[in-house]
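Q: Once you've had a glance at the structure underneath, I'll fire off some questions.
Number of protein chains: 4
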Amino acid sequence: MSVDEERRSTRVKRLPREVRERQILDAAVRVFSQYGYHNASMDEISEVAGVSKPMIYAYLGHKEDLFAACIRREATMLMEAIAAGVTTEQAPDMQLWHGLRAFFQFVGEQKQSWRVLHRQATSQGGPFSEELLAMRGRAINLVDALLVRSATTRGEAPAKSTEALAAALVGASESLADWWLDHPEVSDKTVASWLMNLVWMGFGDLVTGTVWTPTPE
Amino acid sequence: MSVDEERRSTRVKRLPREVRERQILDAAVRVFSQYGYHNASMDEISEVAGVSKPMIYAYLGHKEDLFAACIRREATMLMEAIAAGVTTEQAPDMQLWHGLRAFFQFVGEQKQSWRVLHRQATSQGGPFSEELLAMRGRAINLVDALLVRSATTRGEAPAKSTEALAAALVGASESLADWWLDHPEVSDKTVASWLMNLVWMGFGDLVTGTVWTPTPE
Amino acid sequence: MSVDEERRSTRVKRLPREVRERQILDAAVRVFSQYGYHNASMDEISEVAGVSKPMIYAYLGHKEDLFAACIRREATMLMEAIAAGVTTEQAPDMQLWHGLRAFFQFVGEQKQSWRVLHRQATSQGGPFSEELLAMRGRAINLVDALLVRSATTRGEAPAKSTEALAAALVGASESLADWWLDHPEVSDKTVASWLMNLVWMGFGDLVTGTVWTPTPE
Amino acid sequence: MSVDEERRSTRVKRLPREVRERQILDAAVRVFSQYGYHNASMDEISEVAGVSKPMIYAYLGHKEDLFAACIRREATMLMEAIAAGVTTEQAPDMQLWHGLRAFFQFVGEQKQSWRVLHRQATSQGGPFSEELLAMRGRAINLVDALLVRSATTRGEAPAKSTEALAAALVGASESLADWWLDHPEVSDKTVASWLMNLVWMGFGDLVTGTVWTPTPE
DNA sequence: AATGAATGAGTTTTCATTCAT
DNA sequence: CATGAATGAAAACTCATTCAT
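In structure tokens, the structure reads:
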């Protein structure tokens, strides 16, 4: 091997699999989020990742697999961000409040992730929505538990529809986050408080002027 | 001329432009809703419509135009369905209730329309979301007016956030309808009542067991 | 038949075949000249002609036939224009001069015709060049005869290459006319005089500053 | 490995980009020249080149780009052929003579190239004629310089119209070459001498029987 | 005589995917 | 480990041409 070749082989790094995978996923999230699943081309992803296409296929598999991997990773990050904001020692309304704030903060900071996660995954059928459904299920469970605990704490029997309502709340959050993507001038705190008021007070109270405000911490 | 021939010649040939356009739109809604905008091929649409591709291009234009035309038509139908269910003479909560019922009924009966309208149009950028945004704007205005009227009726000043809350409600409805697509075992009335409870009573009341029920008509 | 229908049927003129054909040819020349043979669409021609496509097919035949008809018509007009400018009573150089002037005048006034005639027809193979070749042959014959007569008049035997030179002159004229299309700032007279100098004097004389000028009439 | 396999693997597989590009350009010139720009299909070119269509697009770009690349390549070859035949040490008339000979020799040997270069490019608008115009400009400059030098050598001031006359000569050459395409029975030397006589002697001399002949070398 | 309705056949172009090195 | 080279398959779109009225 000549000196030249040696130098080149040192420059052309043989990175460990883990690092390559992260590089690729980062690039994929960026490209999918910018162009959408279909308009994103493997060529572009490989270029952005600085990795040749065969490597992508070797590490992450076909386009579908790659996209699913993106969703999985981003969904996990989101759930972790929310979990970090909430502790079961807080009062129920404060738990919800912190959860919402954490959610909208994440969305605000990771718009790309959110785009991939929600808009793209939702509109593609099959395997993708499944990944998404799984995450949504976990979120719904969290909220459901919260509602049940809230009733139990007050010594009352929980309503039967808690799970459906939890689903509705999760849906409302996703939907509002989506809306927010197109209205970036509103702050994350404001958006969170709107939704908090809606779901906690209900229009019935709202129209009377009653407003929910977080208790000072 | 045999019966078959007659039937065929009645079915297939030299129809006036108007009729063909409707045929094409029907087929397009079906195909777009089933495969999504990108995976839907003009070939498939033309086959389903029983019309050659050149006719599609001649009458409805390029793929984008065709899709936009679908959205426009379906959105109009939805708004009309809702408007038909609501009259301003009803009490505010009953107006909301009837609006929600009409909405979920439409979605239940026209799942295809809804798929095209919401899922697909949302995930495609640019011109498509605009058609959708326009419709959403009209819906939000309706709800906003409702909330304002509701407060005024009670002799109170309307809250400042009514428009944002209206937006949230509309978003929640869309989101819940979307969720419902994947959970067809629930009845439309049930879904509507869930959302009604959420937005009218709020979790704050709900966890205490208070429930909103429609006043008997 | 109602009054309305009658009025309309009066407006929708049933023109005699001749008139229709001219309408169509005019439109075809315009469209072919603007877009080139291939990019010109029968649709566009029918629109410009104010006549439906089936009429075109009925009167002038297929696209190729139509184009050939255009060439034929325009070529005839050009030859007639030239013939009108020249009489055999003039001195040979004056005949050439008038012929050139007539040619460039025609090209200048009928740029569209010329475009169809020369540029388009030349670049399309087969049937079209034949029409063109025929016309060019007639032109070459004219010039050839001129050269021969010129020699005979001076009591000399004509050179053997007169026909080839005639061809070269015709080619030079066509070529210069083509060049002129893209340099419209030069007057037709100037262009004609350039060519006249070139072919009559030759570079050999030209570089000595000798110039041919038309004798005053 | 059998001989056949070896041969095939040497012929067909994994060639470096450079080679493939040349293969493709060769095929493109052939096909464009045979069918004309519009009637040439990328399919045919790819077949003739023995390469799949995606490679063409990857290496040479869209149809327009490919065509422009053909023109550029062939034009360069032509100019080089002419330049190789002429040296400024020769007398002016000999320079012109050698230039013409080289030109007609090239056209005679590369009829395909010439077809692409001139007929096709001329009839297509825009980007293609530009490539051609550039080359023509260089040719005209050459001739212009020649004429000016010729006058200066004789101690005379050059005529003002040298550039226009240079243009006419170039046009005449192109035109004559074009004519020659359809009259292959004439030798290249003959065609060149015809044109030489025309432009150097002029008809005025010619009709008197004066003829220019190359001085023996 | 005249036309709106209709299409078969073909074109360029793009992309996910895989060898051979 | 890593990649440049290569392609099969399909998609959007267009157009000359012809019926049925």
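Sequence lines, in order, name chains G, L, D and H.
Using the working numbering, read the first sequence as starting at 121 and increasing by one per residue.
Using the working numbering, read the second sequence as starting at 121 and increasing by one per residue.
Using the working numbering, read the third sequence as starting at 121 and increasing by one per residue.
Using the working numbering, read the fourth sequence as starting at 121 and increasing by one per residue.
Here a beta-carbon is modelled for each residue, glycine too, at the ideal position from N, C-alpha and C.
(1) Verify whether the separation of the beta carbon atoms of residue 318/H and residue 220/H is less than 8 Å.
(2) According to DSSP, simplified to helix, strand and coil, what is residue 159/H?
(3) Can you tell me where the alpha helix (DSSP H) with residue 232/L in it begins and where it stops?
(4) Does the separation of the CB atoms of residue 200/G and residue 149/G fall below 8 Å?
(5) Extract the residue ranges of the alpha helix (DSSP H) inside the region 195 to 231 of chain H, only unbroken runs of 4 or more that lie entirely within it.
(6) List the residues of chain G whose Cβ lies closer than 8 Å to the Cβ of residue 137/L, in chain order.
(7) Go to residue 280/D, then tell me how far its alpha helix (DSSP H) extends in each direction, as first and last residue.
(8) Tell me which residues of the region 224 to 241 of chain G have at least one Cβ-Cβ distance to chain L shorter than 8 Å, keeping chain order.
(9) Where residue 232/L and residue 249/H are concerned, what is the direct C-alpha to C-alpha distance, given to the nearest angstrom?
(10) Which stretch, first to last residue, makes up the alpha helix (DSSP H) that contains residue 247/L?
(11) Tell me which residues share the same chain as residue 264/G and place their Cβ nearer than 7 Å to its Cβ, disregarding the 5 neighbours each side in the sequence.
(12) Considering residue 174/G, what are the terminal residues of the alpha helix (DSSP H) in which it resides?
(13) Between the C-alpha atoms of residue 237/L and residue 270/G, what's the straight-line distance to the nearest angstrom?
(14) Quick check on this structure: which residue in 278/L, 257/L, 154/L and 297/L has the alpha carbon closest to the alpha carbon of residue 226/L?
(15) Contact between the region 298 to 311 of chain L and the region 181 to 198 of chain L: three or more CB pairs below 8 Å?
(16) Is it right to say residue 135/G is buried, meaning 16 or more other beta carbons lie within 10 angstroms of its own, or is it exposed?
(17) Applying the 10 Å Cβ sphere with the 16-neighbour rule, what's the burial state of residue 140/G?
(18) Kindly list, in the order they appear in chain D, the residues whose Cβ is closer than 7 Å to that of residue 288/H.
(19) To the nearest angstrom, how far is the alpha carbon of residue 185/G from that of residue 260/L?
(20) When burial is assigned at 16 or more other CB atoms within 10 Å of the CB, is residue 334/L buried or exposed?
(21) Excluding sequence positions up to five away, which residues of its chain have a Cβ less than 8 Å from the Cβ of residue 197/H?
(22) Does residue 321/D come within less than 8 Å of chain H when only Cβ atoms are used?
(23) Do residue 299/D and residue 291/H have their C-beta atoms closer together than 8 Å?
(24) Mind listing the chain H neighbours of residue 262/D? Cutoff is C-beta to C-beta under 9 Å, in chain order.
(25) By Cβ distance below 7 Å, which residues in the same chain neighbour residue 313/H in space, the five residues on each side in sequence not counted?
(26) Counting C-beta neighbours from all protein chains within 10 Å, is the total for residue 242/H 16 or more, i.e. buried, or is it exposed?
(27) Once you ignore the five residues that flank residue 258/L on each side, which residues in its own chain have a CB closer than 8 Å to its CB?
(28) Going along chain D in order, which residues have a C-beta closer than 7 Å to the C-beta of residue 284/H?
(29) Would you list, in chain order, the members of the region 145 to 176 of chain G that have their beta-carbon closer than 9 Å to a beta-carbon of chain L?
(30) What is the DSSP secondary structure of residue 306/G, counted as helix, strand or coil?
(31) Quick one: list the residues of chain D neighbouring residue 243/H, beta-carbon separation under 7 Å, in chain order.
(32) Assign residue 279/D to buried or exposed, taking buried as 16 or more other Cβ atoms, counted over all protein chains shown, within 10 Å of its Cβ.
(33) What separation, rounded to the nearest whole angstrom, lies between the Cα atoms of residue 267/L and residue 212/L?
(34) Hey, is residue 299/L's beta-carbon within less than 8 Å of any beta-carbon in chain G?
A: Reading it off the structure:
(1) no
(2) Residue 159/H falls in the coil class under three-state DSSP.
(3) Run containing residue 232/L: 231 to 234, per the alpha helix (DSSP H) assignment.
(4) no
(5) 212 to 229
(6) Within chain G, no residue comes near residue 137/L; the closest Cβ sits about 32 Å away, beyond 8 Å.
(7) Careful: residue 280/D lies outside any alpha helix (DSSP H) and carries neither H nor E.
(8) Here the close residues are 239 and 240.
(9) Cα to Cα, the separation comes out at about 52 Å.
(10) 247 to 273
(11) 282, 283 and 286
(12) Per DSSP, residue 174/G is one residue of the alpha helix (DSSP H) stretching across 173 to 180.
(13) Pairing residue 237/L with residue 270/G, the inter-Cα distance amounts to about 37 Å.
(14) Ranking 278/L, 257/L, 154/L and 297/L by Cα distance to residue 226/L puts 297/L first.
(15) Between the region 298 to 311 of chain L and the region 181 to 198 of chain L there are fewer than three inter-stretch CB-CB distances shorter than 8 Å, so the stretches are not counted as touching.
(16) exposed
(17) Under this definition residue 140/G is a buried residue.
(18) 292, 296, 314, 315 and 318
(19) 39 Å
(20) exposed
(21) Cβ neighbours of residue 197/H beyond the five flanking positions: 226, 230 and 233.
(22) Residue 321/D counts as touching chain H.
(23) The answer is yes: Cβ separation under 8 Å.
(24) Ordered by position in chain H, no residue passes the 9 Å Cβ test against residue 262/D, which lies about 14 Å from the chain.
(25) Within the same chain, residue 313/H has no close Cβ partners at all.
(26) buried
(27) 199
(28) 314
(29) Only 156, 157, 158 and 159 from the region 145 to 176 of chain G bring a Cβ to less than 9 Å from some Cβ of chain L.
(30) In the structure shown, residue 306/G sits in coil (DSSP, three-state: anything other than H, G, I, E or B).
(31) Chain D residues near residue 243/H: 156, 239, 240, 242 and 243.
(32) Residue 279/D comes out buried.
(33) 7 Å
(34) yes
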